[in-house]
Amino acid sequence: MNAIQTERGFIIVQEEKYQNQPGEMTRLIGESSAIGDYEDSLDYPGSSYLWVGVDHHLNREQVRELIDRMQYWLKSKRLELV
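Below is the structure:
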């Protein structure tokens, strides 16, 4: 898994697609530009919602990594860019 910043400034976590061409990436989670009903939503873009990918198999290690990344997002209001 790796994290990248999009042209719009939001961070997404991606992984190679399951059983597809090597190097073909898919988004697993990503910060959303949608604004939620939180008092600090406008101060922290991307902190209200996460996009969650579909049609991707994750093994136990990948699930643990995603859980860690989501917990980081909850605490810091941003995905970690690593």
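Per the working numbering, the very first residue in the sequence shown carries number 795; after that it's consecutive.
Note that CB positions come from ideal geometry on N, CA and C, so glycine has one too.
- The closest CA to that of Thr820, considering only Val807, Ser870, Leu844 and Asp831, is found on Val807.
- For Met819, there is no enclosing alpha helix (DSSP H); the enclosing beta strand (DSSP E) covers residues Met819 to Glu825.
- The Cβ atoms of Leu822 and Met795 lie closer than 8 Å to each other.
- Inclusion of Leu852 and Leu860 in the CB contact set at 8 Å is warranted, their separation being smaller than that value.
- The C-alpha of Val876 lies about 28 Å from the C-alpha of Glu833.
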